[in-house]
Every structure is written in C-alpha cells, then in structure tokens.
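Chemist: Chains as they are written, first to last, in our numbering: chain E, 490 to 637; chain D, 817 to 1334; chain V, 15 to 61.
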Amino acid sequence: PLGRVPMTKEHDYQYQMLQAAFYHMPHPSDSERLRSYLPRNPYPTPPYYPQVPPPGSDSIEFFLKLSVETLFFIFYYMEGTKAQYLAAKALKKQSWRFHTKYMMWFQRHEEPKVITDEFEQGTYVYFDFEKWSQRKKEGFKFEYKFLE
Amino acid sequence: FDDPPGLQEKTEFLLREWVQLYHAPSSGRESTKAFSQIVYQMNMQGILKTDDLITRFFRHATQMCVDMCYRTLNDQAAMTPTMVRNKCFRTLDAFVRLIALLVKHSGESPNAVSKINLLNKVLGIVTGVLLQDHEIRKTEFQQLPYHRIFIMLLLELNAPDPVLEAINFQVLTAFCNVLHILRPEKAPAFAYAWLDIVSHRVFIGRMLAVTPQHKGWGPYAQLLIDLFNFLSPFLRNAELAKPITILYRGCLRVLLVLLHDFPEFLCDYHYNFCDVIPPNCIQMRNLVLSAFPRNLPPPDPFAGKLQVDMIPEIRQAPMIQTNYASLIQPPSFKNELDTYLNTRTPVTFVTDLRSTLQASAEPGCRYNIQLMNALVLYVGTEAIAAIQAKGLQPNKQTITHSSHMDIFQSLAVDTDTEGRYLFLNAIANQLRYPNSHTNYFLHLILYLFAEANTPAIQEQITRVLLERLIVNRPHPWGLLITFIELIKNPTFDFWSHEFVHCAPEIEKLFDSVARSCA
Amino acid sequence: QGSDLTTLGLNLKSPENQYLTFGGAWAETPCRAQDIDFYVPREYLTN
Chain E
490 PLGRVPMTKE HDYQYQMLQA AFYHMPHPSD SERLRSYLPR NPYPTPPYYP QVPPPGSDSI
550 EFFLKLSVET LFFIFYYMEG TKAQYLAAKA LKKQSWRFHT KYMMWFQRHE EPKVITDEFE
610 QGTYVYFDFE KWSQRKKEGF KFEYKFLE
Chain D
817 FDDPPGLQEK TEFLLREWVQ LYHAPSSGRE STKAFSQIVY QMNMQGILKT DDLITRFFRH
877 ATQMCVDMCY RTLNDQAAMT PTMVRNKCFR TLDAFVRLIA LLVKHSGESP NAVSKINLLN
937 KVLGIVTGVL LQDHEIRKTE FQQLPYHRIF IMLLLELNAP DPVLEAINFQ VLTAFCNVLH
997 ILRPEKAPAF AYAWLDIVSH RVFIGRMLAV TPQHKGWGPY AQLLIDLFNF LSPFLRNAEL
1057 AKPITILYRG CLRVLLVLLH DFPEFLCDYH YNFCDVIPPN CIQMRNLVLS AFPRNLPPPD
1117 PFAGKLQVDM IPEIRQAPMI QTNYASLIQP PSFKNELDTY LNTRTPVTFV TDLRSTLQAS
1177 AEPGCRYNIQ LMNALVLYVG TEAIAAIQAK GLQPNKQTIT HSSHMDIFQS LAVDTDTEGR
1237 YLFLNAIANQ LRYPNSHTNY FLHLILYLFA EANTPAIQEQ ITRVLLERLI VNRPHPWGLL
1297 ITFIELIKNP TFDFWSHEFV HCAPEIEKLF DSVARSCA
Chain V
15 QGSDLTTLGL NLKSPENQYL TFGGAWAETP CRAQDIDFYV PREYLTN
C-alpha cells in the first residue's frame, strides 16, 4: 500500500546522468590487461552454437585433453592469463619442458646420448611457433639451468 | 594554484618519457629498469623533492591522461572501439604502473605510512579530477579513464608481492574510502564503472575472503548500502527504464555471488540491507534473507511433522552487525520504551506509539521505516531475552501477556494500512534461517493472526507473507515455515476466511502456493 | 514476480566459489580462463 514517493530534482538529475552513462557502459575488457594478441571481439554466432564455454573448461583436466598445437596456441596467444598458465601445466604433464633461454618448449625425442649435472644432450623436438609445427633438433644440449 | 613555473611542461615531458620507457622491450621485469630511469629524471626535474610537488605532478599528469582520453574518444574517426581503448589504455596503464611503483617504493619498507599516504593522495587527486569533470561536463562525462585508472591500480596493488601484501588492508581501505566518496548518489554518471569495480572478482575476493577476521566485511557492506540508497527511489517507484534495470540486474548478480559464496556475510548484514532496500523490492530482499550459515543448513521445510522448536539452533541468537538499539531515536523515546518494557507503564506510551512513528502526512511516506524496523527488532530481542531469562523458549504460550506483546498488538491494531504493512514487513524480515529471532517472530506473526480483532489484519498478514512467496526464488526458510504453519494448523482456521475466497484467481493462487508448500 | 535468477549467467549449482570467475555486474557469462589475468612466470611473456 506504499505507492510512489515523489521524485526530487536531485533524483531527476541523477537519472539523467545515469542515462548518459548508460551509453558508455564499461566493457569486460576494461578491467583486464591489454590483450595485444587476442583481444576480446564478441561476434553474434548462430544461437545454436554454444554461447558459453563447456563446464570445467578452466580446469587442468580439460586442458590435458587438448592437442599439443592447441596448447601451444593458448600458450603463445593468451599470454599473462590463467589459460596460458593451464596450457603450460598441461604441456609439462606431457613431458614438454620450457627453455627460458630460447623461450621455447622442448621434448625429448629419444633417450639423450649424454647426461651430466649441467645438461642433457641428444635429439629433441621443439615447437617452432613461426612455422607452427614441431621440428626435430639433433644433438641439442638442454641445459638444466634454463629449465623453467 | 601557485604552480612553480614550468611544472606543467616538466610533467608533460616526464609523462611522455615514462610511457615510452614503460612500453620499451628493455623496461625489465615489472618495469623495474624503466622505473629507475624515470625516478632519476624526476629527481633531476626536482619533482620528488617535496610532497607538494609530487601532488602537483600527479594532478597535472592525471589531467593530461584524462584530456588525452577525451580527445581520443571524441576523435573516433576510423577507429574501432577496441582501437580507441587500446590507445587510451596504452597511456593509462603506464600511468598506473608509475603510481604503483612509486607507492611500492616510497619510504623504507616495511614503513607503510608513507606508501599509504602517497596512495591516498593520488586516489584523492583522481577522485577530485573525476568529480570536477562530472560537475562540468555533466552528461558529456566519460567514465573510461577513471574506471581504468582505478581498476588497474587496484589490480596492480593486489599483485602477489610481499611489500604489497604487507599493506594490503590499508590499500583496500583507501579504495573503499574513494568508492564511498564516488558512490552513485554523488557521481551517478560513474555508477556503472563504480559497480564494475565493486563487483570485480579480485575486489570481492580480497574484501570478503582473503582479508583476515572479516575486516573487509563492514566496508564492503557500506558500499552495497551506497548502491541500495541510489537505486531505492527508482525501484520504489518501479521506474524500471533500461538504465535502472541494467544497474538493478547488476546488483542482483552481485547479491547472487554473495549468497552463493559468502552467505554468512549476508546473514550478518541483512538488517542494514533491508533497512535501505525498498519494501517493494521483494525478490531482492528475499535474496538477502534467504542466506544461512553454511554450517547450519536448515531442515527441509516441506518435510512433514517438522518440529521447529526441536531444532537445536532455534535457541541461538543470530549475529547482527548493526547497533539497531541506537537507531531508536530520540533518546527520550528510547528511555520511555525501556521504561514501558520493564514496568508496563505508562499506558499512554503504547497509545502514543503511532504518532511517534509517523514522519509525515504524505501518503506512502507517513512512517519512519528505519525507526519501525529498529523498534520491532529491539522489542523482539528484549522479549526473547525476558523469556529465556525464565528458562523458557519463545512459543505461542510464552510470548503472550507481556509489555512486549502490548506494543506489538498496539502496532497491529492502532496503525493504518500503511503503518501496519511496514510493521508486518519488519517482522517478516526476521523470518530467516533457524535462530531465536526467526523462532520468536514466526510465533509473533501467527499469534497476531490468531488474536486479530478484524479480518483486515488477518488479510494483511496473509498479503505480506504471500507477496514474498509468489515471487521467483529464493525464499527464506523462516517465511516458508510460517506460511506452512498458517495454512496447515487448524488453530488458524485459515481456509475459512472470506478473503481466501475473495476472487477465483486468488483462490487458485492460494491453492498453488499451498500445493507447492505441501 | 521478480526474475528467474538462474538466468543471470551464474553457475549457482556449482559447489565452486562463483566470485573466482565472476565477470562482473554486467557479465552474462562467467570469465573464461583466457579472461583472467594471471601472474605467470615472466619467461612466459614471450611476445
């Protein structure tokens, strides 16, 4: 039974200002670091496409199911995010190792021929993000001090 | 005023220099190399010599950043919104990093005072520029630069860093102060950005989860109250134009996250929130009242033969973070109230209650809602204490024939429809999870129904309960329990009342609610 | 009647805390892993 209360001038002013602000709403990306390589760009896909990520898609179990190329795409294009962190974890669980000097991922291709306290030498595969494929590297010396 | 000559030019030079250094590949981890270089240059320019100069520097720098954003926003030729934002953020993010590094490195760690003083100073400057801009530009005001500065500074200062962790509570307090100064009532054109910051996952996490001893709960509750205060007149009048609806839905989202993750927070502050949520915002209020402590999940209200009095928690008083007794004003009225509660005299106290509670003659605003809410809760808790002092528990026998009940019955009988609606709402706002208040107030509202001397009172009690039940979920446990008791217990002879059958759709409504309750 | 609060984009049935992926007051969906800034080892910032 309370009905309306008379709106004051102050309320009218507040509403006018709110309405003006309504046309400059913050974007979700306004509170995220700049994504130079893969910024958000929402696109109206057909409604029958999944509009939200599948449940559990931000868990390490989900990332472990992704292909190596996908993991590398996430690692190199979503830098500084939780996705990159999970992709790195998933790669490590598949015995890839990040070399901090070359800033690249390597994986043993076979049992190294030489193993010392400082390094392992042998044939490795690495992910070449320019050619976007895995390539072999014979006789590569993987120095432990650069193991991330 | 009285800027030293050339300060503006020096500031512009240093800001440009810093933006270059910040984005250079050689800026180093967290821009540390770049920071050493810019500090050297700021020293060379004498900027760091005194607090006053640093303040003036930040004022000019802030203004320059804001002006650059407005130029970019107004010159959107051939630029997509993303490009406009990237251009603005390129400078703003650099500016924020400079502030964060100066805060982090000012004074000798762990001396927090100089760090927090500088942070408060800078936040105060950005706030001042925002409010002035808001005042001058009015509907041309743009939230973007300020929103970005505040949110990125909040994120920078909440980075996992031992120096910052040591001053985190003071940092959060500084932001709460600024957000309270910039509350939507004061800067309505910043309201969306304001709620975006208040609802940011990092801010919620820090305020409600990470900060020890729940020290962040009170300041965060104040910010929600600021939001409710702004929305209140529009929601009360159901002015649900799009700009309001968006803000309202945003508020619901935040409350849902709090209900899901921090129900104890909503439990503790429910009284404060219900004091400012408009009485017709039934679903939003239900959302607050539905919260229950996770270690006290209420029994299923629909399980037949539920003995409310047998639930162990029903004896425990809930935590309420408000000193609601102090809200009973003026002090003379509070003294008379206490005298009556203790001595049941003078009788005139009860007969004068209605006039004391009336605030104006304006229909719809006749009563002081905050005073009504505080009075009902205070008298109720006094009644509980008096009953428990005799080693008893509130039930339909023990709550009667007391000074407390005199007051409640007078409020039920002597007030008009508007006053009684607010009175019954104040009672219904206590029907929450199993605790001694829920227990007392459910017995009270059922007793008032049974003892009502006119069907109008019974109808209004029913309306107050029903309007809370027919909205979408969630529904507070105490509300469900009360209504189930009302419709099932033959004492109340509910189904025989004429108003239950006053119209076919009402009859159908009661049936469907009864069925869902049964 | 209010609104159906299960349609506001929050996963209310999940036992996980919602605030960790809360996209904010305007977000119709929770944050995705790539939306959440993370303090990864510096070496990962290869770009």
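We put the CB at the ideal spot given by N, CA and C, even for glycine.
Can you confirm whether residue 35/V, when its beta carbon is compared against all beta carbons of chain D, has any partner nearer than 8 Å?
Modeler: For the purposes of this step, residue 35/V is taken as the residue at position 21 of the third sequence. For residue 35/V, the answer is yes, since a Cβ of chain D falls inside 8 Å of its Cβ.
Chemist: Whose Cβ in chain D lies nearer than 8 Å to the Cβ of residue 492/E?
Modeler: To locate residue 492/E, count along the first sequence from 1; it is residue 3. 1179, 1180, listed in chain order.
Chemist: With distances taken from CA atoms, which of 45/V, 38/V, 53/V is nearest residue 1015/D?
Modeler: As a working note, residue 1015/D is residue 199 in the second sequence. Per the Cα distances, 38/V.
Chemist: Do three or more CB pairs link the stretch 507–526 of chain E to the stretch 546–557 of chain E at distances below 8 Å?
Modeler: no
Chemist: Between which residues of its own chain and residue 882/D is the CB-CB distance below 8 Å, once the five residues before and five after are set aside?
Modeler: One-based indexing of the second sequence puts residue 882/D at position 66. If we look at residue 882/D and ignore the five residues flanking it on each side, its Cβ neighbours are 945, 949, 961, 962.
Chemist: On the CB-based measure, 16 or more other CB atoms within 10 Å of its CB, does residue 1217/D come out buried or exposed?
Modeler: Working through the second sequence from its first residue, we reach residue 1217/D at position 401. It counts as exposed.
Chemist: Between residue 1012/D and chain V, is any beta-carbon pair separated by less than 8 Å?
Modeler: As a working note, residue 1012/D is residue 196 in the second sequence. Chain V, which has a Cβ nearer than 8 Å to the Cβ of residue 1012/D, makes this yes.
Chemist: Exposed or buried, what is residue 988/D when buried is set at 16 or more other beta-carbons lying within 10 Å of its beta-carbon?
Modeler: Within the second sequence, the letter at position 172 stands for residue 988/D. Flag for residue 988/D reads buried.
Chemist: Provide the residue span of the alpha helix (DSSP H) that contains residue 499/E, from first to last.
Modeler: Position 10 of the first sequence, counted from the first residue, corresponds to residue 499/E. It spans 498–511 - the alpha helix (DSSP H) in which residue 499/E sits, taken as one unbroken run.
Chemist: Might you give, ordered along the chain, the residues of its own chain that have their beta carbon closer than 6 Å to the beta carbon of residue 1190/D, omitting 5 neighbours on each side?
Modeler: Working through the second sequence from its first residue, we reach residue 1190/D at position 374. Answer for residue 1190/D: 1140, 1143, 1144, listed in chain order.
Chemist: Residue 997/D: which of 981/D, 942/D, 890/D, 1028/D sits nearest, CA to CA?
Modeler: Taking the second sequence and counting its residues from 1, the one referred to as residue 997/D is at position 181. Of the candidates 981/D, 942/D, 890/D, 1028/D, the one whose C-alpha sits nearest the C-alpha of residue 997/D is 942/D.
Chemist: Nearest by alpha-carbon distance to residue 1109/D: which of 1000/D, 1135/D, 1094/D, 974/D is it?
Modeler: Position 293 of the second sequence, counting from 1, holds the residue named residue 1109/D. Residue 1109/D has its Cα closest to that of 1135/D, out of 1000/D, 1135/D, 1094/D, 974/D.
Chemist: Looking at the structure shown, is residue 617/E part of a helix, part of a strand, or coil, going by DSSP?
Modeler: Here residue 617/E refers to the residue found at position 128 of the first sequence. Here DSSP, grouped into helix, strand and coil, assigns residue 617/E to strand.
Chemist: Within the same chain, show all residues whose beta-carbon is closer than 7 Å to that of residue 601/E, passing over the 5 residues directly before and after it, in chain order.
Modeler: Within the first sequence, numbered from 1, the residue matching residue 601/E stands at position 112. 609, 610, 611.
Chemist: Taking the beta strand (DSSP E) that residue 1066/D falls in, what are its first and last residues?
Modeler: The sequence position of residue 1066/D within the second sequence is 250, counting from 1. Taken as a continuous stretch (DSSP letters only), residue 1066/D belongs to no beta strand (DSSP E), being part of the alpha helix (DSSP H) at 1058–1077.
Chemist: In three-state terms, what does DSSP make of residue 593/E?
Modeler: Mapped onto the first sequence, residue 593/E falls at position 104. Reduced to three states, the DSSP call for residue 593/E is strand.
Chemist: Could you give the distance in angstroms between the alpha-carbon of residue 921/D and the alpha-carbon of residue 532/E?
Modeler: If you number the second sequence from 1, residue 921/D lands on position 105. If you number the first sequence from 1, residue 532/E lands on position 43. Distance between the alpha carbons of residue 921/D and residue 532/E is about 43 Å.
Chemist: Between the Cα of residue 1318/D and the Cα atoms of 1299/D, 1279/D, 1033/D, which residue gives the shortest distance?
Modeler: Mapped onto the second sequence, residue 1318/D falls at position 502. Selected option, being the one with the closest Cα: 1279/D.
Chemist: Is it buried or exposed for residue 544/E, if we count other Cβ within 10 angstroms and need 16 for buried?
Modeler: Counting from one through the first sequence, the residue named residue 544/E turns up at place 55. With fewer than 16 other Cβ atoms within 10 Å, it is exposed.
Chemist: Since residue 1300/D and residue 1240/D are thought to touch, with beta carbons under 8 Å apart, how far apart are those beta carbons, to the nearest angstrom?
Modeler: Sequence index remark: in the second sequence, residue 1300/D carries index 484 (1-based). Sequence index remark: in the second sequence, residue 1240/D carries index 424 (1-based). Residue 1300/D to residue 1240/D, Cβ: 18 Å. No contact.
Chemist: Whose C-beta lies closer than 8 Å to the C-beta of residue 940/D among residues of the same chain, with five residues either side of it excluded?
Modeler: Indexing the second sequence from 1 puts residue 940/D at position 124. Contacts found: 994.
Chemist: For the stretch 567–578 of chain E, list every residue whose C-beta sits within 8 Å of some C-beta in chain V, in sequence order.
Modeler: For the stretch 567–578 of chain E, which is checked against every Cβ of chain V, the residues closer than 8 Å are 567, 568, 569, 570, 571, 572, 573, 574, 575, 577.
Chemist: Determine the closest residue to residue 558/E out of 583/E, 535/E, 528/E, with distance taken between C-alpha atoms.
Modeler: What you label residue 558/E is simply residue 69 of the first sequence in a count that begins at 1. Nearest option by C-alpha distance: 583/E.
Chemist: Just mark residue 539/E as buried or exposed, buried being the case when its beta carbon has 16 or more other beta carbons within 10 Å.
Modeler: Counted from its first residue, the first sequence places residue 539/E at position 50. Exposed: under 16 other Cβ atoms inside 10 Å.
Chemist: Compute the beta-carbon to beta-carbon distance between residue 912/D and residue 934/D, rounded to the nearest angstrom, for a pair I have assumed lies under 8 Å.
Modeler: As a working mapping, residue 912/D is identified with position 96 in the second sequence. As a working mapping, residue 934/D is identified with position 118 in the second sequence. About 14 Å separates the two Cβ atoms, so there is no contact after all.
Chemist: Taking residue 590/E as the reference, which of 632/E, 546/E, 514/E has the closest Cα?
Modeler: Along the first sequence, read from residue 1 onward, the residue named residue 590/E stands at position 101. Nearest of 632/E, 546/E, 514/E to residue 590/E, Cα basis: 632/E.
Chemist: For the alpha helix (DSSP H) that residue 1052/D lies in, which residues bound it at each end?
Modeler: For the purposes of this step, residue 1052/D is taken as the residue at position 236 of the second sequence. If you look at residue 1052/D, you'll find it in the alpha helix (DSSP H) that goes 1033–1052.
Chemist: Using a Cβ-Cβ distance under 8 Å, would residue 522/E count as near chain V?
Modeler: Start at 1 with the first residue of the first sequence, and residue 522/E comes out as number 33. True, the Cβ-Cβ gap to chain V drops below 8 Å.
Chemist: Helix, strand or coil: which one does DSSP assign to residue 983/D?
Modeler: Here residue 983/D corresponds to residue number 167 of the second sequence, with the count starting at 1. It is coil, neither helix nor strand.
Chemist: Would residue 1093/D and residue 1019/D qualify as a contact pair, given that the criterion is a beta-carbon distance under 8 Å?
Modeler: As a first step, residue 1093/D must be located in the second sequence, where it is residue number 277. As a first step, residue 1019/D must be located in the second sequence, where it is residue number 203. Going by C-beta atoms, residue 1093/D is not nearer than 8 Å to residue 1019/D.
Chemist: For residue 1116/D, which of helix, strand or coil comes out of DSSP?
Modeler: Locating residue 1116/D in the second sequence gives position 300, where the first residue counts as 1. In this structure, residue 1116/D counts as coil in the three-state DSSP scheme.
Chemist: Near residue 1082/D, which residues of its chain fall below 7 Å by C-beta distance, leaving aside the five closest residues on each side in sequence?
Modeler: To locate residue 1082/D, count along the second sequence from 1; it is residue 266. The answer, listed in chain order, is 1074, 1075, 1104, 1107.
Chemist: To the nearest angstrom, report how far apart residue 938/D and residue 829/D are at their CA atoms.
Modeler: Taking the second sequence and counting its residues from 1, one reaches residue 938/D at position 122. Taking the second sequence and counting its residues from 1, one reaches residue 829/D at position 13. Approximately 19 Å, taken between the alpha carbons.
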